[in-house]
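Just so we're aligned: 50 in UniProt numbering is position 50 of the sequence shown, and the numbers increase by one with no gaps anywhere. Beta carbons: idealized from backbone N, C-alpha and C, even for Gly. From a predicted model like this one, the values you see are computed outputs, not experimental measurements. Report on one structure; see the data block that follows.
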Amino acid sequence: MVAIRRAESGVQHTFGANREHPVDILMRGANAQFSGLLHRQSKSLEEAQAEYRRRYEIEPPPGFEGWYRFAVAHKSPIIDEFDMIHKQVAPFLKLSGVELQRIMDAAFYANGSELWSCEYNRKEARVRCNHPHRLYDRHISSLFETVGKFAGAELPDVRVLINHLDEPTVVLPSDKTMEVRVTNLSRQPTWTNITQECVAHRAENSHTKDERESYALPFIKDAASAMDICRHPEYEHLHGLFISPVSFRLTEGMVPVLSTGAPSTMGDILVPSPAYMESEFVYDSDQEPDFDEKTNNLYWAGSTTGGFAHDDGWRAYHRQRFVQFAQNLGREQYYYLREENDSVERVASSFLNGRLYNVAFTRIFQCAARVCRAQRAFFPGGAWADKDAALRSRLAFDLDGNGISGRYYKLLASGSLPLKQTLLREWHDERLVPWVHYAPVSQSLEELPELVAYLTSTASGRQRAKEMAGKGREWYGRAMRREDMAVYVYRLMLELARLQDPNRQPRA
1 MVAIRRAESG
11 VQHTFGANRE
21 HPVDILMRGA
31 NAQFSGLLHR
41 QSKSLEEAQA
51 EYRRRYEIEP
61 PPGFEGWYRF
71 AVAHKSPIID
81 EFDMIHKQVA
91 PFLKLSGVEL
101 QRIMDAAFYA
111 NGSELWSCEY
121 NRKEARVRCN
131 HPHRLYDRHI
141 SSLFETVGKF
151 AGAELPDVRV
161 LINHLDEPTV
171 VLPSDKTMEV
181 RVTNLSRQPT
191 WTNITQECVA
201 HRAENSHTKD
211 ERESYALPFI
221 KDAASAMDIC
231 RHPEYEHLHG
241 LFISPVSFRL
251 TEGMVPVLST
261 GAPSTMGDIL
271 VPSPAYMESE
281 FVYDSDQEPD
291 FDEKTNNLYW
301 AGSTTGGFAH
311 DDGWRAYHRQ
321 RFVQFAQNLG
331 REQYYYLREE
341 NDSVERVASS
351 FLNGRLYNVA
361 FTRIFQCAAR
371 VCRAQRAFFP
381 GGAWADKDAA
391 LRSRLAFDLD
401 GNGISGRYYK
411 LLASGSLPLK
421 QTLLREWHDE
431 RLVPWVHYAP
441 VSQSLEELPE
451 LVAYLTSTAS
461 GRQRAKEMAG
471 KGREWYGRAM
481 RREDMAVYVY
491 RLMLELARLQ
501 DPNRQPRA
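Below, the structure written as structure tokens:
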């Protein structure tokens with residue numbers, strides 16, 4: 001109890017009325033950024049068309065006017081922020097429509113491919129999907145039929161290739177090649193393969209130092225930079241996707257494949273995950289108390305997804321690292337910000353206030369038998385957890401599994417504050433703003449003890465947590481609805497239909 005009181009008084013004394021915490025500074029900048037994003041959205045079709053031409057130096061795709069009417073009719077707050085879509089489809093403009101269709105056929109029929117081929121029929125507003133050997137499409141078709149239900153005959157006929165697996169798949173070559181190669185890298189290191197283009201990537205993305213004060217703790221200031229694996233070679237040994245993914249089909253070639261999440265170097269085209277619409281992950285407000293009535297701690301419970309453990313390397317996997325860290329199982333050095341000699345400095349401590357963390361594994365699997373036994377012996381056993389238990393804590397941790405985390409939207413909608421750790425880009429990255437709608441967490445976790453202590457143990461921190469949780473909940477209701485997913489997928493389908501036009505010639 002003495003150590004707990006000392007820790008609480010330390011953070012309260014360091015960041016009082018006369019000194020801002022790094023979280024305060026980051027939130028202020030992020031809110032200004034978000035306000036600018038909302039203000040600059042086009043207010044008319046003519047503005048949206050002109051903005052498209054300005055950003056991408058190409059005409060909007062056929063059907064853009066219908067898309068704009070659809071977005072406005074469904075009260076989309078986002079009209080222009082679709083740079084991710086353009087960046088993902090732009091490489092394929094170098095191929096003709098005929099060449100692209102030929103490559104799609106080659107990828108679909110390639111030995112070892114895990115791709116669905118789905119064709120949307122505008123007259124029927126239906127999508128038909130087929131796979132070389134699978135029957136269950138994991139709700140892929142329902143995602144596109146949801147879009148069709150909203151948009152109907154406005155959508156173009158289009159064919160898409162969709163990745164069946166949780167893990168991403170595509171690495172685009174640096175040259176325009178018609179060759180497609182599929183390699184099974186399941187349960188093998190993948191880092192070298194998916195960072196092969198990092199030299200060119202670094203040349204295009206020079207790093208600029210951010211001078212905002214963080215007192216030597218890695219509070220994330222730029223989410224895109226933090227997720228850029230070319231800038232962070234240390235990530236090779238911090239994430240299960242790079243160490244030993246459960247299932248990974250490396251597709252090398254100019255292949256437009258839709259996936260739900262991918263690291264920065266990969267060429268998958270991102271779409272909303274159908275998991276977000278599954279009943280297990282749908283938010284139910286009846287299960288949730290008001291923010292002030294929630295338990296003042298950080299909650300996470302889940303399984304050891306994220307990689308297949310066949311040796312003692314499991315300690316480096318992202319989920320195992322987090323649980324070991326939060327349960328103080330590794331005799332860690334934890335870092336806090338404290339006032340020393342009239343200045344704030346990073347100090348090391350072996351103390352972690354366990355009352356602020358309710359974190360446990362509820363299932364240990366995806367491992368060789370010997371390794372599963374070792375993990376069960378190492379981690380204190382967690383009982384089955386109610387799927388809505390996280391909604392009863394003020395802070396809810398969320399991190400990658402084998403792929404994206406399906407529970408993320410439920411947390412955003414709930415009014416708890418998501419603390420999000422991820423290396424997987426998703427379709428929503430341009431509309432969810434860190435330090436406005438959620439609190440990002442670094443891969444190292446170094447800043448986590450200070451972040452949790454501030455958000456739970458100081459009056460200003462508790463207010464900041466409540467503010468972010470409220471804004472995340474409100475924005476979820478405005479910009480993350482099924483209608484908003486439909487707006488995104490509709491626009492993507494227009495771009496894909498243009499790519500596949502048999503009369504389209506390559507763009508120089």
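Cutoff 6 Å; reference residue i; Cβ partners in own chain excluding five residues on either side
i: residue 476; result: 412, 413
i: residue 77; result: 478, 479
i: residue 297; result: 356, 358, 393
i: residue 163; result: 169, 257, 259
i: residue 34; result: 433, 436
Cutoff 7 Å; reference residue i; Cβ partners in own chain excluding five residues on either side
i: residue 167; result: 241, 245, 247, 248, 402, 403
i: residue 156; result: 63, 122, 493, 494, 497
i: residue 352; result: 328, 334, 449
i: residue 490; result: 67, 70, 147, 151, 155
i: residue 106; result: 180
i: residue 391; result: 287, 288, 414, 416
Residue i, DSSP secondary structure in three states
i: residue 274; result: helix
i: residue 197; result: coil
i: residue 250; result: strand
i: residue 90; result: helix
i: residue 427; result: helix
i: residue 121; result: strand
i: residue 127; result: strand
i: residue 259; result: strand
i: residue 76; result: coil
i: residue 61; result: coil
i: residue 439; result: strand
i: residue 112; result: coil
i: residue 285; result: helix
i: residue 229; result: helix
i: residue 30; result: helix
i: residue 107; result: helix
i: residue 309; result: strand
i: residue 295; result: strand
i: residue 240; result: helix
i: residue 218; result: coil
i: residue 206; result: Because residue 206 sits at a pLDDT of 49, beneath the cut-off of 50, its placement in the model cannot be relied upon, and the point is left open.
Rounded Cβ spacing between residue i and residue j (contact assumed at less than 8 Å)
i: residue 288; j: residue 415; result: 7 Å
i: residue 250; j: residue 171; result: 6 Å
i: residue 165; j: residue 257; result: No, residue 165 and residue 257 are not in contact; Cβ-Cβ is about 11 Å, not under 8 Å.
i: residue 220; j: residue 460; result: Wrong, their Cβ atoms sit about 20 Å apart, outside the cutoff.
i: residue 326; j: residue 406; result: Actually they do not touch by this definition, with Cβ atoms about 21 Å apart.
i: residue 217; j: residue 88; result: Actually they do not touch by this definition, with Cβ atoms about 33 Å apart.
i: residue 299; j: residue 389; result: 7 Å
i: residue 239; j: residue 318; result: 5 Å
i: residue 366; j: residue 422; result: No, residue 366 and residue 422 are not in contact; Cβ-Cβ is about 19 Å, not under 8 Å.
i: residue 272; j: residue 136; result: The pair is not a contact, with the Cβ atoms about 19 Å apart (cut-off 8 Å).
i: residue 173; j: residue 254; result: 7 Å
i: residue 506; j: residue 94; result: 6 Å
i: residue 235; j: residue 345; result: Actually they are not in contact, since the Cβ atoms of residue 235 and residue 345 sit about 27 Å apart, beyond 8 Å.
i: residue 331; j: residue 350; result: 7 Å
i: residue 466; j: residue 291; result: 5 Å
Proximal residues to residue i (C-beta, below 8 Å), its chain only, five neighbours per side dropped
i: residue 158; result: 119, 120, 493, 496, 497, 500
i: residue 237; result: 243, 316
i: residue 504; result: 96, 97, 498
i: residue 429; result: 84, 223, 224
i: residue 483; result: 74, 75, 76, 150
i: residue 41; result: 77, 78, 79, 80, 81
i: residue 53; result: 59, 60
i: residue 445; result: 321, 322, 325, 421
i: residue 108; result: 115, 117, 132, 161
- Quick one: which unbroken alpha helix (DSSP H) runs of 4-plus residues sit fully inside the region 366 to 421? Chain order, please. 369 to 378, 408 to 414
- Message: Does the contact criterion of 3 or more C-beta pairs under 8 Å hold for the region 216 to 236 versus the region 133 to 149?
- Response: no
- Item | Those runs of the alpha helix (DSSP H) which lie wholly inside the region 442 to 496 and span at least 4 residues | 448 to 457, 459 to 479
- Task: Within the region 325 to 369, note down every full beta strand (DSSP E) run reaching 3 residues or more, in order along the chain.
- Result: 334 to 340, 343 to 349, 357 to 363
- Item | Stretch pair the region 104 to 120 + the region 260 to 279: three plus CB contacts closer than 8 Å | no
- Inter-stretch contact (C-beta, 8 Å, three-pair minimum) for the region 447 to 461 and the region 424 to 437: no
- Query: When the Cβ atoms of the region 379 to 396 are set against those of the region 346 to 362, are three or more pairs found closer than 8 Å?
  - Reply: yes
- Query: Which whole runs of the alpha helix (DSSP H) in the region 133 to 203 are 4 residues long or more, in chain order?
  - Reply: 140 to 151, 191 to 194
- Message: Could you check whether the region 296 to 315 touches the region 365 to 375, counting it as contact only if at least three pairs of C-beta atoms, one from each stretch, sit closer than 8 Å?
- Response: yes
- Message: Does the contact criterion of 3 or more C-beta pairs under 8 Å hold for the region 332 to 349 versus the region 389 to 409?
- Response: no
- Is the region 45 to 61 close to the region 458 to 474, with three or more CB pairs under 8 Å? no
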